[in-house]
């Protein structure tokens, strides 16, 4: 029984982390990386879509291997990230749809159990008042797609503690405990306020956000392991629906190195829920929600990456008073990725088009200037020709006057009057 309990505790812990990861990502949202960025010189005006899929496969079979359990272990994972950016002037809209699924099977339990399950849709709107300051609005919905079950080789005794104060404790013996229904927990988050981006660069981008935020977690009927090692039974805690509205603060960091082969991001958020539906009348400070998430990815090849993700969430209102748990998740995956629609390639094509337009514009400008220069040269040549003609006329006039003067001087030497020959009968000197 002790051995079965240890195995089940580990299994329920994994399921709890899987469920917690949905809620963790809802506040400390870092992925996709572009969510943290405003319009930059690499962005293009209009719509810019992107879509990529990834997969993880691990199959191990042991036969007569010392120290290993006989049988086959398998791990399968599938992921997809799609989205679209819209940029126009001071307006930036980023839409993201992501899917992450993972299932595992071991020789101990001959059934596939989900290890990761999340479908998320997020929209972020930024209005830039200045290059690094602006207003934002954000909304996100996230949920698992499939039910979660705790399956054991032998029946196990469970003690289910209620979510409501004064509720009835239930006991159950089974080898297949339904931990959560499909689409539970369902998370809805939204916020609006102001943002600042004091640092924006390839190695490090810093984003600070603050405003009014709200969240709704529909988690009634979801179980999370809260076992007491001193008892022979397995204790699980039922969760309750949570509705909160309050002040939200967020700090995000992201960057990349090695020409983009190493990418990293981290984010921390705090929500002070001065409006809530807590059954235990806890103060705002006691219900303050903290979330921290970090991601690092190393691209071994263009189609293969090693990805680490970690998340820590403190969300007191999900749990009864004095039963609060800190949710922690760590994962290390080798993923295979294929890009169906590459935002970077789209940018390159648009950049080529923009470069061609700039080249055509420069060529037209050069032709215009050459035509203007040719026209000015023509005008100068015409002016020069006119001056030459005037100079020629001046010289001809000067020559005519010179000839006339010589003729008059000759007449004087011959004794003729300037006006003509002497009159008839007049003596000639």
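Numbering (this note's numbering), first residue to last: 92 to 520. Beta carbons are placed, not taken as given, at the ideal position from N, Cα and C, and that holds for glycine.
Asked                                                                                                                                                   : Found
Within the present structure, is the beta-carbon of residue 334 separated from the nearest heavy atom of the ligand NAP by less than 7 Å?               : Annotation note on the ligand NAP: not contained in the displayed structure, which lists no ligands.
Would you mind reading off the limits of the alpha helix (DSSP H) that contains residue 378?                                                            : 375-378
Does the beta-carbon distance from residue 235 to residue 264 come in below 8 Å?                                                                        : no
Just checking my contact of residue 186 with residue 175 at CB under 8 Å: how many whole Å lie between their CB atoms?                                  : 5 Å
Taking the beta carbon of residue 429 as the centre, do at least 16 other beta carbons fall within 10 Å, making it buried, or is it exposed?            : exposed
With burial defined as no fewer than 16 other Cβ atoms inside 10 Å of the residue's Cβ, what is the status of residue 314: buried or exposed?           : buried
Taking the alpha-carbon of residue 140 as reference, which of 282, 177 and 485 has the nearest alpha-carbon?                                            : 177
Specify the secondary structure class of residue 482 as computed by DSSP and reduced to three states.                                                   : helix
At a cut of 8 Å, does the stretch 363-381 reach the stretch 335-344 through at least three beta carbon pairs?                                           : yes
If I measure Cβ to Cβ from residue 213 and keep anything under 6 Å in the same chain, skipping five residues before and after, which residues do I get? : 187 and 231
Three or more C-beta pairs under 8 Å: does that hold for the stretch 351-366 against the stretch 315-330?                                               : no
Of all the options 183, 153 and 156, which has the alpha carbon lying nearest to the alpha carbon of residue 137?                                       : 183
Could you give the first and the last residue of the continuous beta strand (DSSP E) run that contains residue 367?                                     : 353-367
If you compare alpha carbons, which of 261, 298 and 257 is closest to residue 525?                                                                      : There is no way to answer for residue 525, as the model of the chain reaches only from 92 to 520.
Rounded to a whole number of angstroms, what is the C-alpha to C-alpha distance between residue 419 and residue 401?                                    : 8 Å
On the three-state DSSP scale, how would you describe residue 539?                                                                                      : Here the chain covers residues 92 to 520 and nothing more, so residue 539 does not appear.
Tell me the residue span of the beta strand (DSSP E) that contains residue 220.                                                                         : No beta strand (DSSP E) contains residue 220, which DSSP labels as neither H nor E.
Nearest to residue 352 by alpha carbon, out of 333, 387, 463 and 422?                                                                                   : 387
In the DSSP output, what is residue 252 paired with across the bridge?                                                                                  : 328
Rounded to whole angstroms, what is the Cα-Cα separation between residue 238 and residue 343?                                                           : 32 Å
Terminal residues of the continuous beta strand (DSSP E) containing residue 192?                                                                        : 182-196
Does the distance from the CB of residue 193 to the CB of residue 426 come in under 8 Å?                                                                : no
What did DSSP end up calling residue 457 once you bin it into helix, strand or coil?                                                                    : helix
Is residue 250 near residue 324, with beta carbons less than 8 Å apart?                                                                                 : yes
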